[in-house]
Amino acid sequence: MHEETMSNPLLSLIDIDYPLIQAPMAGVSTPALAAAVSHAGALGSLGLGASTVAQAEAMIVATRQLTDRPFNVNLFCHAPPRRDARREADWATTLRPHFARYGSTPPDSLSEIYQTFIGHAPMLELLLDLSPAVVSFHFGLPERETIQRLRQQGIVTLVTATSLQEALLIEQQGIDVVVAQGYE
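Counting in the working numbering, the sequence shown runs without a single skipped number right up to 181 at its last residue.
Given below as structure tokens:
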């Protein structure tokens, strides 16, 4: 730890030395990166939004093998998509000229790229079982019961807000920390 110790509620809550959170970049962050950031006294993060339950488990276990410091796991909480064949066909028609410019064609059908954490019971059970120090969410909030179960397990919760309205909603849901993010 740095000789000039900082002090604020975030540092105490998460047990870190510096008020810095490594961005949890899905598909890019690794256990080695998260562990290195945590070792340096900040909060390392794993972006698990694109991960299966098995992949998430492997990344959390690997990070634990590299550090005994707190780290964050991040999941996506976007609204589950509602399939609409007509609307999807319209998108394909609209995008066809853009694909053609590059010698390609739009896909025959659209599929969900990332599974939302909302209602994802197997991922919740994994988090409750492995109990990482911090779990954060982007693109929305999980169900209130999910938040309560994580917090009862002693897991600190963070959610990213992109507006004051989102921040107030997050606060009402009992999240520990609101992470402000803008387009700046």
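Just so it is clear, CB atoms sit at the ideal spot from N, CA and C, and this is done for glycine as well.
For residue i, count neighbouring Cβ atoms within 10 angstroms of its own Cβ and tell me buried if that reaches 16, exposed if not.
i	result
His135	buried
Asp12	exposed
Asp173	buried
His95	exposed
Ala5	The sequence given here has Asn at residue 5, not Ala. Asn5 comes out exposed.
Arg98	exposed
Pro16	exposed
Ala158	buried
Thr143	buried
Ser9	exposed
Val25	exposed
Ser101	exposed
Might you give, ordered along the chain, the residues of its own chain that have their beta carbon closer than 7 Å to the beta carbon of residue i, omitting 5 neighbours on each side?
i	result
Phe189	Outside the displayed span of the chain (-2 to 181) sits residue 189, for which this structure offers no information.
Leu92	Pro103
Gln63	Sequence inspection shows Leu at residue 63; the Gln mentioned does not correspond to that position. Once the five neighbours on either side are set aside, the close Cβ partners of Leu63 are Pro28, Ala29, Ala32.
Gln221	A question about residue 221 goes unanswered here, because the residues of the chain that appear run from -2 up to 181.
Leu107	Glu85
Where DSSP assigns a beta bridge to residue i, which residues make up the other side?
i	result
Ser42	Asn69
Ile18	Leu40
Cutting at 8 Å between CB atoms, please list the residues of its own chain near residue i, excluding the five before and the five after it.
i	result
Arg141	Gln170, Gly171
Asn71	Pro21, Ala23, Ser42, Leu43, Gly44, Leu45, Gly46, Val132, Ser133, Phe134, His135
Arg148	Thr154, Gly171, Asp173
Gly116	Pro77, Glu140
Using a Cβ-Cβ cutoff of less than 6 Å, which residues in the same chain neighbour residue i once the five nearest sequence positions on both sides are dropped?
i	result
Glu54	Leu123
Ile18	Leu40
Glu168	none
Pro77	Thr113
Val175	Ala158, Ala164, Ile167
Does the ligand PLP have a heavy atom nearer than 7 Å to the CB of residue i?
i	result
Gln62	Inclusion of the ligand PLP in the displayed structure is not the case, the ligand content being empty and no account of it being possible.
Is there a Cβ from chain B that is less than 8 Å from the Cβ of residue i?
i	result
Ala164	Among the chains in the structure shown there is no chain B, since it carries only a single protein chain.
Ranges of the alpha helix (DSSP H) found wholly within the stretch 86 to 136, counting only runs of at least 4
118 to 127, all fully within the stretch 86 to 136.
Evaluate contact between the stretch 41 to 59 and the stretch 152 to 168, counting only Cβ atoms and requiring at least three cross-stretch pairs below 8 Å.
These segments do not touch.
Taking the runs of the beta strand (DSSP E) that are 3 residues or longer, which of them lie wholly in the stretch 154 to 179?
For the stretch 154 to 179, the full-length beta strand (DSSP E) segments reaching 3 residues or more read 174 to 177 along the chain.
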